[in-house]
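Residue 834 is where the sequence shown ends in this note's numbering, and the numbering goes up by one at each step.
All C-beta atoms, glycine included, are put in the ideal place defined by N, C-alpha and C.
Keep in mind it's a predicted model, so treat the numbers as computed, not measured.
Data block below; observations after.
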Amino acid sequence: MEIWAIANQKGGVGKTTTTAALGALLAEEGMRVLLVDLDPHASLSGYFSLEDLSGMGSVYELFREHNPPMIASLARNTGHRGLWLLPAAAPMATLDRQLAGRQGTGRILANALTMLDNVYDYVLLDCPPTLGLLMINALAAAQRLLMPTQTETLALDGLERMQRSMQMIERSMGRVLPRWIVPTMYDTSTLHGRISLMTLRERYRHAVTRQVIAADPQICEAAEHGQPLTCWPAARQSTDSYRALLRELLGAGHQVSEVSA
């Protein structure tokens, strides 16, 4: 079972879109895929209309100190073949405060996911845009990290913060997490967009994927209708871009992408 974390310490860079798109494409290829929404804002859960308002059937339940449920019981069918979702809930925003001082909280998710090794082929973790307990759990569980990054100056600054955080977390984990930077929301018509992409490639070189995801209003249209890009014909260009990205990532295997500024 492959576990991928999709994370960045800046919001609005395409994390949820990337998670949903890659998950749907893997399922389309016959894989059994679990999407895990680790953001208390529940954007990924809302994408599939599977928000958990009570917190009783969500990621939140895994962090209960006494008798947490089996993780398999929390997964919900998205209505798309081969694609399941473990939803988020608003109470997840309180976990850092609730679990302060409790030992072993950084590997709660990793330990729970070991129970699913023969159930799913891929698990994709959609992370919140803040470095806290939920993102740390995702990075501890993941075998690779994807960092969607909007091709504009502020997003590049957010990526710098993410790099510094990763160096700290890797020292704590005692391992280097293979990772790739995915340029998103690229607008070829603007000089700023072209310069930002060039800067990204110059600064991080081979860690940046060859495939770029262009800005496309149809991505938002698909999300508003709760449809993965693969099921939204008007988003064909973006679907093809994500399909090419997936081929690139699968071809990269387990090579370690050293990311350095």
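With burial defined as no fewer than 16 other Cβ atoms inside 10 Å of the residue's Cβ, what is the status of residue i: buried or exposed?
i, result
"E624", "buried"
"Q740", "exposed"
"C793", "exposed"
"Q800", "buried"
"G587", "buried"
"H536", "As shown, the chain starts at 574 and ends at 834. That puts residue 536 outside it, with no answer to give."
"R820", "exposed"
"D690", "exposed"
"P806", "exposed"
"E591", "According to the sequence shown, residue 591 is Thr rather than Glu. Looking at its Cβ environment, which holds 16 or more other Cβ atoms inside 10 Å, T591 is buried."
"S627", "exposed"
"S830", "Note that S830 has pLDDT 46, beneath the 50 cutoff, so the model's placement of it is unreliable and the number below is only indicative. Buried, since its Cβ has 16 or more Cβ neighbours within 10 Å."
"S769", "buried"
"Q736", "buried"
"R778", "exposed"
"T651", "buried"
"T589", "buried"
Across which residues does DSSP place residue i in a beta bridge pair?
i, result
"Q723", "T757"
"R649", "L658"
"A787", "Y759"
"E733", "BP columns for E733 are empty, so no partner."
"A578", "L698, L718"
"R637", "In the DSSP output, where bridge partners are listed per residue, R637 has none listed."
"V749", "None, per the DSSP bridge assignment."
"D610", "D699"
"V781", "I754"
Anyone know if the C-beta pair for residue i and residue j falls short of 9 Å?
i, j, result
"L647", "E634", "yes"
"L822", "R717", "yes"
"R649", "P660", "yes"
"I742", "L712", "yes"
"D612", "D699", "yes"
"L658", "L607", "yes"
"P664", "S618", "no"
"A662", "A615", "yes"
"A825", "Q784", "no"
Report yes or no: is there a C-beta of chain C within less than 9 Å of the C-beta of residue i?
i, result
"I709", "Absence of chain C from the displayed structure is noted, only one protein chain being present."
Leaving out the 5 sequence neighbours to the left and right, which residues in its chain are closer than 7 Å to residue i when beta-carbon positions are compared?
i, result
"T678", "L672, L706"
"I681", "L635, F636, N710"
"H765", "E725"
"M604", "G655, D694, Y695"
"D669", "G705, L706"
Please list, in chain order, all residues of the same chain as residue i whose beta carbon is under 6 Å from its beta carbon, the five residues on each side excluded.
i, result
"I576", "V696, A714, A715, Q716"
"A795", "L802, W805, A808"
With a CB to CB cut of under 8 Å and the five nearest residues on each side skipped, what residues in its chain are close to residue i?
i, result
"S811", "A594, I786, A787, D789, Q791, I792, L802"
"P701", "L611, D612, P613, H614, L707, M708"
"A685", "L635, P641, I644"
"T782", "W753, I754, V755, P756, L818, E821, L822"
At a cut-off of 8 Å, is residue i close to the ligand ZN when judged by its beta-carbon and the heavy atoms of the ligand?
i, result
"T812", "Absence of the ligand ZN is noted for the structure shown, with no ligands found whatsoever."
> Do the segment 595-604 and the segment 682-702 make contact, defined as three or more Cβ pairs closer than 8 Å?
Replying inline: yes
>> Any contact between the segment 753-762 and the segment 719-733? By contact I mean 3 or more CB pairs, one from each, below 8 Å.
In response: Judged by Cβ distances under 8 Å, the segment 753-762 makes contact with the segment 719-733, as three or more pairs qualify.
>> Could you check whether the segment 575-588 touches the segment 728-735, counting it as contact only if at least three pairs of C-beta atoms, one from each stretch, sit closer than 8 Å?
In response: yes
> Taking three-plus beta-carbon pairs below 8 Å as touching, is the segment 769-776 in contact with the segment 615-624?
Replying inline: no
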